[in-house]
Amino acid sequence: MSKSKPEEHAPKVTLNAAPPLDQGHSYPTEIRPGVSRRTILLGGAAAIMAGVAAGSQTGAFGQGASADAATTSAASAAKKGATRSIKDVKHVVILMQENRSFDHYYGTLPGVRGYSDKQALELPGGGTIFAQPDPTRTDGGHMLPFPLDSANYNAQNAGGLDHSWGGGHTAWNKGAWNNWVAAKSEQTMGYFTKDDIPFHHTLASAFTIADHYHCSLIGPTTPNRLYQWTGMINPQGGLGGPATDNPADYNPVYSWTTYPERLQKAGVTWKTYSNDEVGDSGSHPYVGDYGDNPLWLFHQYHDALASSDPATQALAINGGLNTGWKPDSGKGLDVTYLLSEFGKDAAANTLPEVSYVVAPYGWCEHPAASPDYGAHYTNAVIQALMSNPDTWASTVLLINYDENDGYFDHMIPPLAEPGTTDEYVDGLPIGYGTRVPLTVVSPWSRGGWVNSQVFDHTSIIRFLETWTGVEEPNISAWRRTISGDLTSCFDFQNPDFSIPTAAEVLPLSETQKLVAAADADASKPSIREPAVGAQKMPVQDPGTAQHRALPYRQYANVAVNRANGAVTLTMHNDGTQGVSHQVFPNAWIAFASTPHTLAPKTTASYTWNAALPGLDGRYDFSVYGPDRFLRRFAGTVLSGTHTDVPIPSATATLVTGKKPALSLALANGGTPQAIFTLTSNDFVTKTQTVTVKGGKTSTVFWPVDEWGYYDVIVTANTGDGFRYRFAGRVE
1 MSKSKPEEHA PKVTLNAAPP LDQGHSYPTE IRPGVSRRTI LLGGAAAIMA
51 GVAAGSQTGA FGQGASADAA TTSAASAAKK GATRSIKDVK HVVILMQENR
101 SFDHYYGTLP GVRGYSDKQA LELPGGGTIF AQPDPTRTDG GHMLPFPLDS
151 ANYNAQNAGG LDHSWGGGHT AWNKGAWNNW VAAKSEQTMG YFTKDDIPFH
201 HTLASAFTIA DHYHCSLIGP TTPNRLYQWT GMINPQGGLG GPATDNPADY
251 NPVYSWTTYP ERLQKAGVTW KTYSNDEVGD SGSHPYVGDY GDNPLWLFHQ
301 YHDALASSDP ATQALAINGG LNTGWKPDSG KGLDVTYLLS EFGKDAAANT
351 LPEVSYVVAP YGWCEHPAAS PDYGAHYTNA VIQALMSNPD TWASTVLLIN
401 YDENDGYFDH MIPPLAEPGT TDEYVDGLPI GYGTRVPLTV VSPWSRGGWV
451 NSQVFDHTSI IRFLETWTGV EEPNISAWRR TISGDLTSCF DFQNPDFSIP
501 TAAEVLPLSE TQKLVAAADA DASKPSIREP AVGAQKMPVQ DPGTAQHRAL
551 PYRQYANVAV NRANGAVTLT MHNDGTQGVS HQVFPNAWIA FASTPHTLAP
601 KTTASYTWNA ALPGLDGRYD FSVYGPDRFL RRFAGTVLSG THTDVPIPSA
651 TATLVTGKKP ALSLALANGG TPQAIFTLTS NDFVTKTQTV TVKGGKTSTV
701 FWPVDEWGYY DVIVTANTGD GFRYRFAGRV E
């Protein structure tokens with residue numbers, strides 16, 4: 001079906017309106033109305049979990065492997081995996097689903113940067129990015145995240161929002177990310193909990209979830225999928241680029257080289273698993289591929305399909321193209337049928353080295369397709385891998401989402417400086433886009449881990465590069481600097497090759513119940529925003545998570561020039577991975593992001609001129625970076641003639657080793673003594689008062705939590721508004 005340009009036909013969405021069409025895609029207005037959801041679930045997700053027996057799962061594809069097979073798997077895999085390295089991986093399976101943001105799915109998950117994040121972007125006036133401006137609200141003029149509430153509303157089948165290039169940049173708003181409601185409607189703030197999507201939360205808690213993974217582009221499906229399959233959208237133009245919109249399904253538009261072509265040329269086996277019935281049709285939502293296989297859009301694949309040479313034609317066959325769509329078999333509601341070819345290859349341990357799995361619309365989780373349908377489809381993929389212990393013991397499954405639809409997420413994405421090569425189109429940044437989920441399922445990523453390294457869709461290719469040695473030159477230099485290659489998500493030294501228990505991966509029979517429950521939701525009222533006065537900030541579920549070690553070592557301190565009023569921020573990256581820092585004024589200056597890219601072992605600076613008219617020597621700005629890094633500096637620059645008052649300052653350095661800590665040097669440049677107060681803002685509970693005589697410096701070692709995180713506010717009794725904040729992590 002032809003795809004219109006989102007910015008030309010982006011629908012104006014209201015919360016209870018009929019769901020808008022994703023421009024270019026067709027799909028039904030509702031997904032199979034049925035019977036009561038919570039009745040089927042026997043009282044909710046907790047009842048499902050209570051009814052699932054612990055222990056390894058039993059059966060064939062769709063039910064898992066036997067306990068004896070799991071034991072055999074552990075022994076045989078330990079023997080095969082003697083290298084204890086990435087070389088032990090034999091198969092990588094990539095399942096990219098549709099249109100969900102991280103907060104929308106996992107904002108309440110314990111241990112991640114979710115709704116309890118105290119290092120979130122602060123907006124002018126004292127609120128945070130969670131309180132999105134909404135002038136229509138009479139209870140504060142803002143909209144907070146609110147539960148979609150599957151128990152009482154038709155949340156599972158709620159429709160999509162604007163996710164066009166234009167709409168995304170409206171929400172971005174020059175890096176302020178404070179225009180979500182205006183660009184997307186109030187529905188943008190809706191979120192699910194574990195009770196709504198128990199499979200997703202259970203899986204994330206059993207394996208590894210990345211909570212700083214972003215879609216690659218501020219915009220729709222196809223461009224983001226191009227980043228995963230090709231590494232770029234060809235922003236310089238030519239060969240069909242730059243690709244910022246969804247083109248018509250199945251018609252060749254582009255002609256730059258894709259990563260699967262490079263794999264094939266290098267002799268790395270690969271294959272696309274998708275259903276070959278109908279294609280993309282709103283009348284047949286449970287078959288086809290929803291136009292989500294971007295290889296259909298490349299001329300060279302159509303040329304290969306038309307070739308009479310079997311070796312040439314193999315490119316198109318591996319890519320999932322066909323010479324004609326089959327009619328609907330009527331079996332689209334059977335996930336084992338849809339995934340029969342994948343299941344057969346997994347059971348026989350004959351999967352290619354790289355597999356791309358593309359779901360039909362009804363199973364892909366794109367609003368209004370249900371998350372619980374997606375859970376059942378995803379579970380079928382996992383169960384197929386578990387059906388053969390050797391397959392399970394040698395496979396990495398990467399489950400991600402192409403973009404966020406129009407759903408809010410509070411993490412500010414990395415931003416390239418204006419003019420950065422291959423990162424701007426028509427003066428607008430390509431990305432990164434909104435944070436989306438990535439769950440890493442494998443024997444090397446078990447145990448309930450959170451990884452907070454910055455990733456985007458090119459990180460999928462980067463992982464394949466590291467594993468296969470096949471490079472993708474399309475990826476921009478900036479993205480290679482900022483994004484990791486996913487290897488920090490794995491512990492190759494300590495794998496667990498046993499087949500997961502039913503408490504880790506729900507049996508397929510249980511996710512089938514979720515499908516029935518999603519059907520029942522269609523008879524419930526439409527989702528609705530909180531009533532006036534009923535808004536409240538969500539809280540994450542209790543509990544913690546383990547955190548992977550990351551390649552970051554970030555610094556940022558200020559120096560105040562009392563002679564000219566310059567407050568100079570110096571940022572330094574002493575880590576082994578590049579970082580994106582963004583500086584925001586907190587008062588007096590227009591709120592917008594000033595981005596700085598710091599390659600490893602480099603420094604950047606930003607200057608606030610407190611001598612400007614209207615500032616009266618005042619300064620107040622913050623800098624944000626990955627893995628909860630935050631500095632805020634506020635105070636007043638006193639002229640050099642003032643020596644009869646205390647003049648406070650504070651600088652921070654990281655102390656590593658057996659007793660990691662944050663070292664704070666508290667200095668007093670005046671004559672009278674200064675009294676500093678250090679107050680914990682997160683992670684530890686502590687308050688400390690330090691008196692520093694005139695002209696002296698005192699050093700304090702501030703504690704970090706078990707994973708190295710800290711957040712402390714430093715104030716002084718000097719009456720000049722001195723307030724510095726230091727947050728981040730000591731690796």
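Heads up: the sequence shown begins at 1 in UniProt numbering, then just goes up one per residue.
Backbone N, C-alpha and C define an ideal beta-carbon position, used for all residues, glycine too.
These numbers were taken from a predicted model, which means no experiment stands behind them.
DSSP places Val692 in the uninterrupted beta strand (DSSP E) bounded by Thr687 to Val692. Secondary structure of Tyr153 (DSSP, three-state): coil. In this structure, DSSP gives Gln300 a helical state, which the three-state scheme calls helix. Contact between the stretch 135–150 and the stretch 160–172 is not established, with fewer than three Cβ pairs separated by less than 8 angstroms. By a beta-carbon distance limit of 8 angstroms, Gly578 does not contact Pro595. Their separation comes to about 12 angstroms. Judged by beta-carbon spacing, Pro260 lies within the 8 angstroms limit of Asn318, meaning their Cβ atoms are closer than that value.
Per DSSP, the continuous beta strand (DSSP E) segment holding Ile209 begins and ends at Thr208 to Ala210.
In the DSSP secondary-structure assignment, Glu277 is bridged to Lys326. If you draw a 10 Å sphere on the C-beta of Leu612, you find fewer than 16 other C-beta atoms in it, and that means exposed.
Note that the C-beta distance between Ile412 and Trp180 is not below 8 angstroms. Contact between the stretch 483–500 and the stretch 242–261 is absent: fewer than three C-beta pairs spanning the two stretches fall below 8 angstroms.
In this structure Val655 is exposed. Its beta-carbon is surrounded by fewer than 16 other beta-carbon atoms within 10 angstroms. In the displayed model, Tyr377 falls within a helix according to three-state DSSP.
If you look at Gly635, you'll find it in the beta strand (DSSP E) that goes Leu630 to Thr636. Taking the Cβ atoms as the reference, Ala210 lies roughly 44 angstroms from Asn564, outside the contact range of under 8 angstroms. Straight-line spacing of the CA atoms in Ala384 and Ala347 works out to 7 angstroms. Note on Thr188: 16 or more other CB atoms within 10 angstroms of its CB, so buried under the neighbour-count rule. Counting only residues of its own chain and dropping the five nearest sequence neighbours on each side, Gly533 has a CB closer than 8 angstroms to the CB of Asp139. In this structure, Tyr407 sits near His104, with a CB-CB distance shorter than 8 angstroms. Taking the Cα positions, Gly320 is about 12 angstroms away from Leu297.
When the Cα atoms are used, Gln453 and His212 turn out to be separated by approximately 6 angstroms. The stretch 717–724 and the stretch 632–641 touch, with three or more beta-carbon pairs separated by less than 8 angstroms. Under the Cβ criterion (8 angstroms, minimum of three pairs), the stretch 262–279 counts as touching the stretch 356–370. Between Lys331 and Ser340, the alpha-carbon positions lie close to 11 angstroms from each other. Pairing Phe701 with Ala727 gives a Cβ-Cβ distance that is not under 8 angstroms. At a Cβ-Cβ threshold of 8 angstroms, Thr395 and Val93 count as neighbours. Secondary structure of Gly166 (DSSP, three-state): helix.
Counting of Cβ neighbours within 10 angstroms places Ser216 among the buried residues, the total reaching 16 or more. Three or more beta-carbon pairs separated by less than 8 angstroms link the stretch 362–377 to the stretch 198–208, which places the two stretches in contact. A Cβ-Cβ distance of about 5 angstroms is found for the pair Gln554 and Gly625, placing them in contact under the 8 angstroms criterion. Look at Gly343 here: in three-state DSSP terms it is helix. DSSP places His572 in the strand class (E or B) of the three-state scheme.
Gln236 counts as exposed, since fewer than 16 other C-beta atoms from the protein chains shown sit within 10 angstroms of its C-beta. Taking C-beta separations shorter than 8 angstroms and ignoring five residues to either side along the sequence, the partners of Phe455 in its chain run Ala210, His212, Tyr213, His214, Leu438, Ser483, Gly484 and Leu486, following chain order. Residues Val450, Thr544 and Ala545 of the same chain have their beta carbon placed closer than 6 angstroms to that of Gly111, with the five preceding and five following residues left out of the count. Within the DSSP bridge table, the entry for Asn400 names Met96 and Leu438 as partners.
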